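> Below is the structure I would like to discuss, written out as structure tokens.
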Amino acid sequence: MSPRGSCAAKGNGAACGCARARRPTVRQTRRVSVSSSSGFVGRRVELRDLSGCLDDALAGTGRLVVVSGEGGIGKTRLCEELATVAGRLGAAVAWAACWESGGLPPFWPWWQLLDQLEIRVDPTSVDENAPGISRAHLFAAVIDAIRGAARARPLLLVLDDVQWSDPGTLRLLTHIGPLMRSIRALLVTTVRETEAASPSLPRELLRHARLTGLGGLQVDELAELVEELTGSPPRPEVNRALHRATAGNPLFAGELVRRLSRDGRLDRLASDDDFPVPPTVRAALDEQLADLGEGCLELLAIAAVVGREFPLRLLADVAGREPVDVLAHIEEAVAAGVVATIDVGRYGFAHPLLRSVMHDEIGVARRVRLHERIGDALEARAAERHDVDLAALSYHYLNAAPGGTAGKAAHYAERAARSALAAFGYEDAVELFDRALTANELDPSESDRGSLLLGVGEALAASGDTDGARAAFLVAADHARQVGRPAQLATAALGLAGTGFEVALFDDQQIALLEEALHALGDDEPGLRSRVSARLSVALSLAGQEQRRLALSESAVGLAHDVADSAALAHALAARCDAHAGPADVARRAADAAEIVRIARERGDHGTELLGRRLRLVAALEQGDMGAFDAEVRAFAQLAEWLRQPRYQWYALLWRATRAVMRGRLADQQTLSLEAEALGHTVRSVTTDILLLAHRWFVWLEVGAFETAVAHIDTVLAPGAYAEMGPQMLPLFVVHPLLAGRADEARAVLDRGADDLLGANRDSEWLTMVAQVADACFRLGGHDLVPWLYDALAPFADLWAVDGIGAYAHGPVHRQLGQLAVLLGRTDAASRHFDAALVGNRRAGADLLVARTLFDRGAALEEPDTLRAASAIYRNLGVERRVDEIESLLGGADPTSTAVARPGAETREVRREGDVWIVSFGARRCSVRDSKGIRDIVRLLAQPGREIPALDLVAPGTRPVHGDLGETIDAQARDAYKARLAELEVELDEADAGGDRERSARAQAERDALLGQLSSAYGLAGRPRRTGDPAERARTAVTARIRDAIRRIEALHPELGRHLARSVRTGTLCSYDPDPRVHWEL
-15 MSPRGSCAAK GNGAACGCAR ARRPTVRQTR RVSVSSSSGF VGRRVELRDL
35 SGCLDDALAG TGRLVVVSGE GGIGKTRLCE ELATVAGRLG AAVAWAACWE
85 SGGLPPFWPW WQLLDQLEIR VDPTSVDENA PGISRAHLFA AVIDAIRGAA
135 RARPLLLVLD DVQWSDPGTL RLLTHIGPLM RSIRALLVTT VRETEAASPS
185 LPRELLRHAR LTGLGGLQVD ELAELVEELT GSPPRPEVNR ALHRATAGNP
235 LFAGELVRRL SRDGRLDRLA SDDDFPVPPT VRAALDEQLA DLGEGCLELL
285 AIAAVVGREF PLRLLADVAG REPVDVLAHI EEAVAAGVVA TIDVGRYGFA
335 HPLLRSVMHD EIGVARRVRL HERIGDALEA RAAERHDVDL AALSYHYLNA
385 APGGTAGKAA HYAERAARSA LAAFGYEDAV ELFDRALTAN ELDPSESDRG
435 SLLLGVGEAL AASGDTDGAR AAFLVAADHA RQVGRPAQLA TAALGLAGTG
485 FEVALFDDQQ IALLEEALHA LGDDEPGLRS RVSARLSVAL SLAGQEQRRL
535 ALSESAVGLA HDVADSAALA HALAARCDAH AGPADVARRA ADAAEIVRIA
585 RERGDHGTEL LGRRLRLVAA LEQGDMGAFD AEVRAFAQLA EWLRQPRYQW
635 YALLWRATRA VMRGRLADQQ TLSLEAEALG HTVRSVTTDI LLLAHRWFVW
685 LEVGAFETAV AHIDTVLAPG AYAEMGPQML PLFVVHPLLA GRADEARAVL
735 DRGADDLLGA NRDSEWLTMV AQVADACFRL GGHDLVPWLY DALAPFADLW
785 AVDGIGAYAH GPVHRQLGQL AVLLGRTDAA SRHFDAALVG NRRAGADLLV
835 ARTLFDRGAA LEEPDTLRAA SAIYRNLGVE RRVDEIESLL GGADPTSTAV
885 ARPGAETREV RREGDVWIVS FGARRCSVRD SKGIRDIVRL LAQPGREIPA
935 LDLVAPGTRP VHGDLGETID AQARDAYKAR LAELEVELDE ADAGGDRERS
985 ARAQAERDAL LGQLSSAYGL AGRPRRTGDP AERARTAVTA RIRDAIRRIE
1035 ALHPELGRHL ARSVRTGTLC SYDPDPRVHW EL
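Taking the numbering used here as reference, the numbering of the sequence shown is continuous, increasing by one, and the terminal residue is 1066.
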């Protein structure tokens, strides 16, 4: 396997300045340590810890480990020792190092690992229309390959110096981290924590990694190192001086000991307390370099400018010498330990410090000339059709820019950036486009600045950085505006608007830029005008410009047809589907969606195919064609799974949950909706929470879980939501008080919103909105809107009311028409409508909707047998609340009322359902969120007239103790806290890796609580707090939380709130003492 290269030419494989995939041995690819020849000193605890991780991996539970520390601290040496252990245990070892100078293809270290394991990975499904899809394929292919290799033999994989890795390598490392627990492999990475130029490791990577930090060797360990190097133990004062001078850094210490002991000066360290470490190390390295001949040093200076590693042939070309002559000098450096052999014809500095010493001693002017000569040599090899890394070529020409090479730097940087995009190295592409822009400022002759700016936006968007992409496209638009490039302005506008499933609504900046671009294009670029018109039509959703949206979408379709631009036509048809989203156009949308799918499949445009299938399955659901709906969901899910893209996969889970509800498979519905939620959150989908809240709201209503519905909507219902969203929010604002037993309030809301409803646009939300209002009117027993509702819904009786893009399906509109016909006194018509609804629901296999239709019919037409039939289905499906409702109706209750409150029922009951308390008092019932104060009140209600100490409410069974109790927590408790926190960290890692959300939430809650207790136990400067009288503290806490709970109850149930305020007494002793006595069922 070799990466998708950015090379300018393909040749015969001779050595050159590019990096190609080879299969070197482990020792050839690992970074050579200056001290690697010494024995292993110290690090016993760290090696034991890593060996334990290795044992776990051999047993089937892998892990990602990050070993961190400063340069020369021994990270690589520790991994070498671990590799020896792994080899003895029968594990395969693969090792790759990242390079400081960069200039390599994306994911280069991973290619090295896989090559050593003799694994070939070739992702075959590159989708240029959806770059995120292709990289997902690459990641999945690499992970699957490693998993497969580990099945045959356990693995130890080492990625050395990841602080110098390319962003793509880091992304893949972050992606594989949480998956390692299911792979029989240990993945160890090293990072130089003090590397100022390196990016910090992503928090997500560290979250799933075991961290091992290396500090300096201890004094006694350093003595072992000195004895290893010199053959005799050092005098204690010398060893202490060495430790002070080097801070225990084994590389620094080793170099100093070698040089000083050779010269007989080691003992002088004892008299030099102020020994400066960096200059000493530099001096040691300078002395090592001083042993080399002039010709060797001249070549090493060129090599230092080339980079950490360098091909022999490139060195010879730049020096103007024969390769054989150069090889002789390089062998001299190898013998001196300055250079290490990497592969045939390829060498590298033995340690980064050696290259730094060489590089820093080269004057600026000479360095510029060398960069130009290296660039020229690489360019010449490209002209001879050899593989050359374009990123390295641009790097050298940019550094030679003072000599007039900026134009070439921009040219090659842009080519390298576009190659990186094709190879899924999106972050690399961003960096390369930025490099090209820097060079373009110096010499714009060989590159177009507007194209480079657009490239930055494209690369950022592909990497998932939406905010960065937006900013980049705005800069590109401003440049296009200044230089008068309408096509580039339009491209920037399209980039800002984005594509795909999720559209930013109410984005005035996006709309303004699209409008500007459309005007600037005039009559030119019809294909581009089609795309801009289509996107503008979608961006204007909910902006009150429906006629304009229709005109724009039709114009987009016409323009695309005129120039036979199939890609533009697919987007235009999608925009037309969005503009013609009402129930009257469902057949047309189904046809357009089919055409989108056809075009996308011909072009291999997977993202657009998924968009077309989404439009197609929603149309099938609206038409009640469940065969077509199920087939489209399967096709969508299979393609999304094949693409391994969570941003698409979670939609398929949502639609399957919708189908599970119809069938009454409520356990499946809950599982699928939770999976959809988790997957949607991983990609930060802006629609996940909205669609799933709507989905669950309708499920709660369907199964009669009204208290749960009200309690959850209370947490999200903003006072200004109706004014912001308009009439589509009307049903929610009517049903919410209706379910809570406030029928008069619901009727008043409906009265105020009637005009909005009558004037609402007949878009994708209209049919469901009107159907829900009809259902509310049925619950209310009638309303002035009923005649209008019946006439409005009648033309669409056979269609299904569908929420959003398939978040929920309410069944055929015939059911709501049956309800309305009853309210209008048209019982014959009502019967026909209910019958038609039953036929449609049964044909769909929607048992739950069949039961709902039977329920509504039996209640409305007072048909006991029909109610019993509904009850039988509900009981079979496990929907006991509906069974209870039907039994109540059969017992003589109002057949049209399903509200929570039942007038005249004098009940006093408290029960807990999940995180909500359901409280019935007098004629009303309310739902109250769980809290400590609510729990205190419930305990008092259970024992009326009894005085309960506040301390016992805080901690049941605690005996009162007075006085100063000393420190809040003692040393033993602190140690216990810390031990438990460490256990919880491991538990969180395991839960997150295994996708166990409940276990993770429990562990996180306990961790937060422990941290809170530790925080409260310490004051300023970390001094332990002293604990006062526990009874007094309990009194204060309990009084505050009970009063807060009563205030919350009073807001929901004023009568109950007043009763509790009169009857509950707080203080050191708390009680519930009502007059007269009240009995509560708990």
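Beta carbons: idealized from backbone N, C-alpha and C, even for Gly. Note that this is a predicted model, so its numbers are computed, not measured.
Alpha carbon to alpha carbon, how far is Trp626 from Thr666? Give it in angstroms, no decimals.
Straight-line measurement puts the Cα of Trp626 at about 18 Å from the Cα of Thr666.
> Please state whether the Cβ-Cβ distance between Ala732 and Gln803 is less than 8 Å.
no
> According to DSSP, simplified to helix, strand and coil, what is Gln12?
Only weak support is given to the placement of Gln12: the predicted model assigns it a pLDDT of 33, under 50, and the question is left unresolved by the model.
> By the DSSP assignment, the alpha helix (DSSP H) with Ser245 in it spans what residues?
Pro234 to Arg246
> With a threshold of 6 Å on Cβ separation, who are the neighbours of Gly332 within its own chain once the five nearest residues in sequence on each side are excluded?
Leaving aside the five residues that flank Gly332 on each side, the residues in its chain whose CB is nearer than 6 Å to its CB run, in chain order, Arg292, Glu293, Ala324 and Ile326.
> Have a look at Leu650 and Ser435 and give me their C-alpha separation to the nearest angstrom.
53 Å
> With a threshold of 16 other CB atoms inside 10 Å of the CB of Glu278, please say whether the residue is buried or exposed.
Classification of Glu278: exposed, given that the 10 Å Cβ count is below 16.
> What residue range is occupied by the uninterrupted alpha helix (DSSP H) comprising Glu356?
Val348 to Ala367
> Count the other CB atoms, across all protein chains shown, that sit within 10 Å of the CB of Val645; report buried if there are 16 or more and exposed otherwise.
buried
> With C-beta atoms as the reference, is Leu141 less than 8 Å away from Ala78?
For Leu141 and Ala78, yes; Cβs fall inside 8 Å.
> When you compare only the Cα positions, how much space is there between Arg1049 and Ser1055?
5 Å
> Just how far apart, CA to CA, sit Asp1028 and Leu1036?
13 Å
> What's the gap between the Cα of Arg1042 and the Cα of Arg909?
15 Å
> So, does the segment 440 to 448 touch the segment 184 to 204, judging by three or more C-beta pairs under 8 Å?
no
> Can you find the residues in the same chain that come closer than 8 Å, C-beta to C-beta, to Ala271, ignoring five residues on each side of it along the sequence?
A small fix is needed here, since residue 271 is Glu in this sequence, not Ala. So the qualifying residues of the chain are Arg243.
> DSSP state of Ile326, grouped into three classes?
strand
> Pull up the DSSP beta-bridge partners for Tyr1056, would you.
Val1048
> Comparing alpha-carbon positions, which option in Ala527, Val581 and Ala568 lies nearest Ser550?
Val581
> Residues in the same chain with beta-carbon distance under 7 Å from Leu475, minus the five sequence neighbours each way, listed in chain order, please.
In the sequence under discussion, the amino acid at residue 475 is Thr, which differs from the Leu named in the question. Non-local beta-carbon contacts of Thr475 in its own chain, meaning distances under 7 Å to residues more than five positions away in sequence, involve Leu438 in chain order.
> Does Phe294 come out as helix, strand or coil in the three-state DSSP assignment?
strand
> Which first and last residues belong to the beta strand (DSSP E) in which Thr196 is found?
Note, Thr196: beta strand (DSSP E), Ala193 to Gly197.
> Here's a check: name, in chain order, each residue in its chain whose Cβ is nearer than 6 Å to the Cβ of Tyr706, leaving out the five neighbours to either side.
Note on Tyr706: pLDDT 47, under 50, position unreliable in the model; the coordinate value appears next. For Tyr706, where only same-chain residues beyond five positions count, the Cβ hits under 6 Å are Met713 and Phe717.
> So if DSSP puts Glu923 in a beta bridge, which residue, or which two residues, is it bridged to?
The question names Glu, but residue 923 is Arg in the sequence shown. Looking at the DSSP assignment, Arg923 forms no beta bridge with any residue, so it has no partner.
> Which residues in the same chain have their Cβ closer than 8 Å to the Cβ of Ala755, if we skip the five residues on either side of it in sequence?
Leu777, Ala785, His794, Val797 and Gln800
> Quick check: what's the CA-CA separation for Ala75 versus Val175?
23 Å
> How many whole angstroms separate the CB atoms of Ala821 and Thr837, which I take to be in contact at a CB cut-off of 8 Å?
Sure, about 5 Å apart at Cβ, within 8 Å.
> Tell me the rounded alpha-carbon separation between His370 and Glu363.
Each residue's Cα considered, the two are about 10 Å apart.
> With a CB to CB cut of under 7 Å and the five nearest residues on each side skipped, what residues in its chain are close to Asp1057?
Pro928, Gly929, Ser1047 and Arg1049
> Looking at the structure shown, is Glu1065 part of a helix, part of a strand, or coil, going by DSSP?
strand
> If you reduce the DSSP assignment to three classes, tell me which class Pro796 lands in.
Three-state DSSP puts Pro796 in a strand.
> Do Leu873 and Ala843 have their beta-carbon atoms positioned less than 8 Å apart in this structure?
Yes. Within cutoff.
> Where does Ala926 land, buried or exposed, given buried means 16+ other C-beta within 10 angstroms?
By the neighbour-count criterion, in which 16 or more other beta carbons inside 10 Å mark a residue as buried, Ala926 falls on the exposed side.
> Pick helix, strand or coil for Val516, following the three-state DSSP scheme.
helix
> Please state the DSSP three-state secondary structure of Ile902.
Three-state DSSP puts Ile902 in a strand.
> Which residue comes first and which comes last in the alpha helix (DSSP H) that contains Leu1036?
Pro1014 to Leu1036
> Is Ala181 helix, strand or coil when you go by DSSP?
The pLDDT assigned to Ala181 is 36, lower than 50, so where the model puts this residue is not dependable; a value taken from the coordinates is nonetheless given after this. If DSSP states are grouped into helix, strand and coil, Ala181 belongs with coil.
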